[in-house]
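In this note's numbering, the protein residues as written are 16 to 504.
Next up, the structure:
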């Protein structure tokens with residue numbers, strides 16, 4: 016009698032062993048990844064690599080930090096909420112069921128693994144493999160053949176306390192994280208963290224966009240909610256300002272030191288107080304206001320907010336240039352921040368200048384960080400900040416790091432080149448993740464490698480002196496020290 020023997024398990028085992036051996040002996044992510052010469056390598060390994068991380072802008076959920084959540088599998092911490100990945104999967108033709116739909120966590124991961132080999136030359140390819148290496152010590156390339164093994168390996172780890180939310184932050188050497196909250200937030204999770212013995216500083220940033228965007232759907236409902244949380248009646252523009260100021264005071268009491276605004280551009284027109292009062296009352300009565308009226312109102316609210324930030328000594332941030340919610344059909348189904356935004360081509364310089372100048376003329380311009388989403392505005396922003404750096408504070412007005420579609424090697428390099436050419440990169444406060452994932456912190460490593468390679472290449476070409484010790488100090492400052500000093504954490 017003949018016995019039928021299946022060789023398939025043995026073949027799979029040998030194939031997997033070969034892939035693992037190749038990954039271990041010649042890994043894609045290695046010590047000198049992105050570092051093209053000896054100077055870049057020395058700058059990174061000696062001066063940048065071990066600096067702590069100050070992540071001064073992100074969208075991490077503070078509840079998960081406070082609860083020290085154990086995620087259980089990699090989809091929950093890595094794919095859920097990540098619209099970068101979602102856009103790539105949709106482009107490849109993956110059904111929405113396996114992206115944001117009711118597919119299982121494992122199915123979603125498998126479809127992401129299928130997508131990864133097709134993301135080459137997109138920063139997702141680098142980030143994916145950096146994150147697998149740094150958190151899970153996995154150096155295999157993620158693809159359909161390695162997916163099952165990697166899913167099981169990461170799930171085993173992510174079910175243990177060693178891979179809890181707070182421990183993921185510790186693995187990345189995170190010293191400070193600043194989440195982003197609406198004025199309505201009661202900050203209960205930040206309060207819980209403040210009372211805990213956590214060794215990572217978790218702060219918040221005030222994000223009042225919904226109070227500014229008077230022409231947005233649901234604005235009056237938002238004002239009603241603001242009135243309730245501030246315990247004030249809001250019948251006039253002055254009442255609105257009082258309510259916002261009370262929330263700023265509340266945030267400040269709970270350790271907030273900075274704010275953020277996500278706007279298409281700065282709207283700033285000449286206005287009178289009586290004009291703004293009329294516009295607000297018309298809006299509250301349900302009337303439709305014109306684009307010009309909306310622009311005046313937005314500028315008035317923003318000016319009031321910035322003057323109030325000055326009272327509290329906060330740092331203000333402006334993320335400018337996104338064209339949001341382009342796909343009305345999918346926005347209706349999935350809502351905002353799900354992958355339907357892109358780069359806008361708005362005029363930025365004139366109104367931004369007028370706004371900053373008005374604050375400066377009143378001696379009420381606080382430390383300010385300006386981020387542009389359109390790379391065509393790099394030199395505009397890099398030159399603009401020099402107008403308002405008045406010697407009172409080192410790097411008072413900052414050209415923010417490459418953001419969103421620009422936080423990749425090419426975008427970072429262009430941003431740093433523009434800053435170097437127009438100002439002082441030595442005063443730059445460096446990288447932030449702007450992320451919703453607790454596995455995103457290797458983006459700081461990615462930035463530091465790009466930074467060191469930028470300096471190292473210019474030393475190699477003789478464009479900078481071979482003074483690695485001094486340039487190493489600049490690298491340390493940009494990676495960590497400047498942000499530490501700027502925010503006074």
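For each residue, glycine too, the CB sits at the ideal point set by N, CA and C.
Is residue i helix, strand or coil by DSSP?
i, result
"residue 32", "Because the pLDDT at residue 32 is just 49, under 50, the model does not fix this residue reliably, and the value given afterwards should be weighed accordingly. It is helical."
"residue 408", "coil"
"residue 503", "coil"
"residue 45", "coil"
"residue 133", "helix"
"residue 387", "strand"
"residue 413", "strand"
"residue 70", "strand"
"residue 219", "strand"
"residue 63", "helix"
"residue 76", "coil"
"residue 111", "helix"
"residue 420", "helix"
"residue 119", "coil"
"residue 50", "coil"
"residue 432", "helix"
Taking a contact to mean a Cβ-Cβ separation below 8 Å, would you say residue i touches residue j in this structure?
i, j, result
"residue 211", "residue 84", "no"
"residue 314", "residue 295", "no"
"residue 388", "residue 418", "yes"
"residue 131", "residue 158", "yes"
"residue 363", "residue 392", "yes"
"residue 167", "residue 87", "no"
"residue 223", "residue 320", "yes"
"residue 452", "residue 93", "yes"
"residue 318", "residue 373", "yes"
"residue 431", "residue 398", "no"
"residue 411", "residue 325", "no"
"residue 225", "residue 267", "no"
"residue 494", "residue 170", "no"
"residue 448", "residue 214", "no"
"residue 261", "residue 273", "no"
"residue 415", "residue 384", "yes"
"residue 202", "residue 81", "no"
"residue 490", "residue 467", "yes"
"residue 270", "residue 218", "yes"
"residue 221", "residue 263", "yes"
Label residue i either buried or exposed according to how many other C-beta atoms from any shown protein chain fall within 10 Å of its C-beta, with 16 as the threshold for buried.
i, result
"residue 460", "buried"
"residue 72", "buried"
"residue 497", "buried"
"residue 231", "exposed"
"residue 351", "exposed"
"residue 107", "exposed"
"residue 311", "buried"
"residue 161", "buried"
"residue 501", "buried"
"residue 138", "buried"
"residue 45", "exposed"
"residue 492", "buried"
Is any heavy atom in the ligand NAP found nearer than 7 Å to the beta carbon of residue i?
i, result
"residue 458", "Although the ligand NAP was asked about, the structure shown includes no ligands whatsoever."
Where are the alpha helix (DSSP H) runs, 4 residues long or more, that stay fully inside the region 436-499, in chain order?
The qualifying runs are 457-475 and 483-491.
What are the complete beta strand (DSSP E) segments, minimum 3 residues, inside the region 225-304?
Complete beta strand (DSSP E) runs here, min 3: 273-278.
Those runs of the alpha helix (DSSP H) which lie wholly inside the region 320-383 and span at least 4 residues:
Counting only runs of at least 4 residues, the region 320-383 fully encloses the following alpha helix (DSSP H) elements, listed from N- to C-terminal order: 343-349 and 364-376.
What runs of the beta strand (DSSP E), each 3 residues or longer, lie entirely inside the region 136-207?
You should have 189-196.
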